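J.: So the protein sequences, as listed, match chains D and P. According to this note's numbering, the first sequence is numbered sequentially starting from 488. According to this note's numbering, the second sequence is numbered sequentially starting from 21. Using N, Cα and C, we set each Cβ at its ideal position, and we do this for glycine too. Given the structure is predicted, the values throughout are model-derived calculations rather than measurements. This structure is in structure tokens; I'll ask about it shortly.
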Amino acid sequence: MATKTLAGKTFETDEQGYLKNTADWSEELAKSLAADIGITALTEGHWKVVKFMRERYLKNGDSPSIRTLGKDSGVTTKELYQLFPKGPAKLAAYVAGIPKPRGCI
Amino acid sequence: MENSIKKVSIIISKGSLEGIYPGLIMANGARMEGIEANLFFTFFGLDAIHKNKQHRIKVATVGNPGLHIPTWIGAIPGMSAFVTSRMKKSIESLDIPPIGEFLQLIHDSGAGLYACKATVDMFKMTKTDFVSPVDEIITVGEFYEKAQGGEIIFT
């Protein structure tokens, strides 16, 4: 089992570093996870996407598609890619402490 | 991740539903992974970005062995429309957008969308025939310039 130590605590993760236990997540931890992928300061836009991803995952048991993200999160597709240039869905999921999205869309 | 793919340029050359979607899904999927992406539409692939033809794109029911129906059944009037409507429903159920919306999504994700000049000239089309996510009409040479440093995928 892979682990990750952030802010002095150790967490179980999958092979790609995504949190294994969604319940381990906190807003404080989100900041460390973001820093881990090069986002030094989470803006209001980042939080909006991260919280939307997390809420949808906890509700549906699945991460939303990029289509749903652009339509329902209140952040446009263009802004999503400005906030997370290396892939909005997978990076927001990482910061949100939920599994990496498995969909093709 | 030194050897990971950083850029893809995808050519869409066919005008059937099953000819267009794979390229769109691959381009969108590339952007979702943070990979730079270009889409180049040529020959009947241009139907995907043509204002008047985009809504009439169908699954080929004749000469399509993958459907496993006899050619003469595929040729029955309305068969292509029927199969297309069935397939569109399953596409929507997977949260894959219709072609027009998908092009906008891919464009907004930062990918470049281009029409092939040779085909545009051959079919006597102009930029105004195309939907707004299309960036420009370019030559083959310009396509290779844009594709520089990345992978090229022909569909």
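1. Provide the residue span of the beta strand (DSSP E) that contains Y134/P, from first to last.
2. For a cutoff of 8 Å on Cβ pairs, would you count N23/P as touching chain D?
3. Considering only their Cβ atoms, is the gap separating F61/P from I69/P smaller than 8 Å?
4. Count the C-beta pairs between the stretch 136 to 152 of chain P and the stretch 97 to 112 of chain P that are closer than 8 Å, then say yes if the count reaches three, no if not.
5. Just checking: is the beta-carbon of S552/D within a distance shorter than 8 Å of some beta-carbon in chain P?
6. Nearest by alpha-carbon distance to K518/D: which of G548/D, K507/D, K538/D is it?
7. With DSSP collapsed to three states, give me the class of T492/D.
8. Name, in chain order, the residues that DSSP records as bridge partners for N58/P.
9. When DSSP labels each residue in this structure, what does L506/D get in the three-state scheme?
10. Compute the Euclidean distance between the alpha carbons of S29/P and L529/D, then round it to the nearest angstrom.
11. Would F515/D and K507/D be called neighbours here (beta carbons separated by less than 8 Å)?
12. Exposed or buried, N72/P, counting other C-beta atoms within 10 Å across all chains shown (16 or more means buried)?
13. Cutting at 8 Å between CB atoms, please list the residues of its own chain near I40/P, excluding the five before and the five after it.
14. Which residue's Cα is closest to the Cα of I524/D: K546/D, R589/D, L570/D?
15. So V536/D and L493/D are in contact, right, with Cβ under 8 Å, and what is the actual spacing, rounded?
16. Which value, in whole angstroms, describes the spacing of the CA atoms of E56/P and I157/P?
17. Output, in chain order, the set of chain D residues within a Cβ distance shorter than 7 Å of P117/P.
18. Taking buried to mean at least 16 other C-beta atoms within 10 Å of its own C-beta, is H533/D buried or exposed?
19. T563/D by DSSP, collapsed to three states: which one?
20. Quick check on H75/P: does DSSP put it in helix, strand or coil?
21. Opposite T527/D in the DSSP bridges: which residues?
22. Less than 8 Å between CB atoms is the rule here; does T563/D satisfy it with respect to chain P?
T.: Let me spell this out:
1. 132 to 136
2. no
3. yes
4. no
5. Yes, contact with chain P.
6. K538/D
7. DSSP places T492/D in strand when its eight states are reduced to three.
8. S29/P, G132/P, per the DSSP bridge assignment.
9. strand
10. 32 Å
11. The residue asked about is misnamed: residue 515/D is Glu in this sequence, not Phe. No. Outside cutoff.
12. Burial is judged here by how many other beta carbons sit within 10 angstroms of a residue's own beta carbon; N72/P has fewer than 16 and is exposed.
13. Cβ within range, chain order: I32, K34, G65, D67, A68, I77, I119.
14. L570/D
15. Not really, about 20 Å apart at Cβ, beyond 8 Å.
16. Per the coordinates, the alpha-carbon of E56/P lies some 19 Å from the alpha-carbon of I157/P.
17. R554
18. buried
19. coil
20. helix
21. DSSP, once it has assigned bridges, lists no residue as partnering T527/D.
22. Closer than 8 Å to some Cβ of chain P, the Cβ of T563/D qualifies, so yes.
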